[in-house]
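Protein chains in written order, with the numbering used here: chain A, 1 to 175; chain B, 1 to 159.
Where is the CB? At the ideal position from N, CA and C, for every residue including glycine.
Here's what the structure looks like:
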């Protein structure tokens with residue numbers, strides 16, 4: 001984890017960072033709990049025969065892709081949980097922008113995710129804008145991609161986050 | 001044998017998806033947060049949400065909202081519908097006591113270079129007429145009863 005300052009941006013663009021494997025394999029129990037939480041009766045997730053016939057085997061809801069990377073609330077031998085979008089926080093720190101919001105989030109789905117898969121994730125900074133002033137304050141927009149691969153190296157999803165880090169009007173940089 | 005319930009050729013620009021109405025309770029919020037492994041206190045601890053976040057109550061977390069949108073889309077398509085991409089924009093929070101209403105319309109349809117049929121959708125979840133989160137989605141649909149978007153991979157799946 002290292003701050004990304006204005007002079008570091010060019011070197012950070014397009015570079016894969018923070019590659020990590022999920023703490024546990026994709027599992028059926030969370031699939032059922034998630035479907036239950038939104039009353040999703042799609043037979044792909046409840047009827048093994050339909051899942052086999054339609055997708056070639058058990059499959060996870062595509063929108064669950066980030067679920068497999070949220071760290072346990074507690075685990076032995078761990079002091080500080082990692083942050084899922086560490087580059088976002090590196091930019092806030094390095095650019096001296098104390099506030100930040102996510103304006104939108106796109107997920108593109110590639111190969112299906114299936115129970116038993118071990119997924120890895122990595123973060124890639126795609127762009128940082130010039131300084132802009134919005135009704136929130138003055139700061140910069142940035143786009144961070146999070147790529148997810150399975151244990152065979154297949155791309156399963158790419159999430160793109162657009163963030164806006166800013167200082168409230170009247171605040172000075174670094175305060 | 002499972003057969004497609006919705007084909008790409010049956011879908012037209014301007015078609016409305018069936019509306020979904022759901023009364024949100026504290027259980028909805030907490031169950032959704034834990035199902036998506038989101039342990040942050042504003043999704044289960046009302047004191048924290050009110051006094052630290054300045055919101056009126058705990059509120060639905062974004063990953064669980066994504067699961068709600070997926071359910072809304074595949075309720076319409078059936079199991080052969082395969083999500084290609086979704087974009088979310090957050091405008092406001094959804095709290096216990098709110099009744100959320102999902103509405104969606106078809107904004108475009110087509111067949112890509114690999115022969116995969118798709119429909120583009122604009123969806124909003126609203127409370128009392130205010131859109132709280134909006135979603136643009138593209139979902140692959142079978143072209144005919146023998147087609148199956150889930151059978152596509154590699155060069156034949158270009159989402």
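Residue i, enclosing alpha helix (DSSP H) - first and last residue
i: residue 64 of chain B; result: 62-77
i: residue 67 of chain A; result: Careful: residue 67 of chain A lies outside any alpha helix (DSSP H) and carries neither H nor E.
i: residue 47 of chain B; result: 46-51
i: residue 32 of chain A; result: 28-37
i: residue 95 of chain B; result: Careful: residue 95 of chain B lies outside any alpha helix (DSSP H) and carries neither H nor E.
i: residue 94 of chain A; result: 86-95
i: residue 26 of chain B; result: 26-35
i: residue 51 of chain A; result: 48-55
Whole-angstrom distance between residue j and residue i, CA atom to CA atom
i: residue 184 of chain A; j: residue 69 of chain A; result: An answer regarding residue 184 of chain A cannot be provided, because it is not within the stretch 1 to 175 covered by chain A.
i: residue 142 of chain A; j: residue 131 of chain B; result: 25 angstroms
i: residue 17 of chain A; j: residue 43 of chain A; result: 37 angstroms
i: residue 135 of chain A; j: residue 168 of chain A; result: 9 angstroms
i: residue 135 of chain B; j: residue 100 of chain B; result: 14 angstroms
i: residue 43 of chain B; j: residue 29 of chain B; result: 6 angstroms
i: residue 98 of chain B; j: residue 91 of chain A; result: 36 angstroms
i: residue 89 of chain B; j: residue 116 of chain B; result: 27 angstroms
i: residue 26 of chain B; j: residue 60 of chain B; result: 9 angstroms
i: residue 2 of chain A; j: residue 85 of chain A; result: 13 angstroms
i: residue 105 of chain A; j: residue 72 of chain A; result: 23 angstroms
i: residue 117 of chain A; j: residue 133 of chain A; result: 43 angstroms
i: residue 131 of chain A; j: residue 152 of chain B; result: 43 angstroms
Reference residue i; option with closest CA among the options
i: residue 152 of chain A; options: A/5, A/31, A/167 and A/114; result: A/114
i: residue 41 of chain B; options: B/58, B/117, B/3 and B/1; result: B/58
i: residue 124 of chain B; options: B/73, B/49 and B/8; result: B/73
i: residue 124 of chain A; options: A/145, A/104 and A/3; result: A/145
i: residue 111 of chain B; options: B/85, B/3 and B/9; result: B/9
i: residue 14 of chain A; options: A/41, A/53 and A/128; result: A/128
i: residue 107 of chain A; options: B/71, B/25 and B/83; result: B/83
i: residue 22 of chain B; options: B/102, B/31 and B/86; result: B/102
i: residue 13 of chain B; options: B/128, B/144 and B/121; result: B/121
i: residue 38 of chain B; options: B/15, B/65 and B/16; result: B/65
6 angstroms Cβ shell around residue i - same chain, five flanking residues per side excluded
i: residue 11 of chain B; result: 106, 109 and 119
i: residue 154 of chain A; result: 111
i: residue 45 of chain A; result: 31 and 35
Within chain B, the residues that residue i reaches when beta carbons sit closer than 7 angstroms
i: residue 44 of chain A; result: 79
i: residue 107 of chain A; result: 85 and 86
i: residue 67 of chain A; result: 36, 37 and 63
i: residue 50 of chain A; result: 2 and 79
Contacts of residue i in chain B (Cβ-Cβ under 8 angstroms)
i: residue 53 of chain A; result: 1 and 2
Boundaries of the beta strand (DSSP E) in which residue i is found, first to last residue
i: residue 100 of chain A; result: 99-109
i: residue 11 of chain A; result: Not the beta strand (DSSP E): residue 11 of chain A falls in the alpha helix (DSSP H), residues 9-12.
i: residue 1 of chain B; result: It is not in any beta strand (DSSP E) - residue 1 of chain B carries neither H nor E in the DSSP assignment.
i: residue 107 of chain B; result: 99-111
Chain A residues whose Cβ lies nearer than 9 angstroms to that of residue i
i: residue 70 of chain B; result: 38, 40, 42, 61, 62, 63 and 64
Contacts around residue i, its chain only, beta-carbon distance under 8 angstroms, and the 5 residues preceding and following it disregarded
i: residue 81 of chain B; result: 6, 73, 74, 139, 140, 141 and 149
i: residue 93 of chain B; result: 55, 59, 60 and 132
i: residue 53 of chain B; result: 42
i: residue 48 of chain A; result: 58
Same chain only: Cβ atoms within 7 angstroms of residue i, ignoring 5 sequence neighbours per side
i: residue 77 of chain B; result: 6, 139 and 141
i: residue 145 of chain B; result: 3 and 4
Per-residue contacts from residue i into chain A (C-beta, under 7 angstroms)
i: residue 153 of chain B; result: 111
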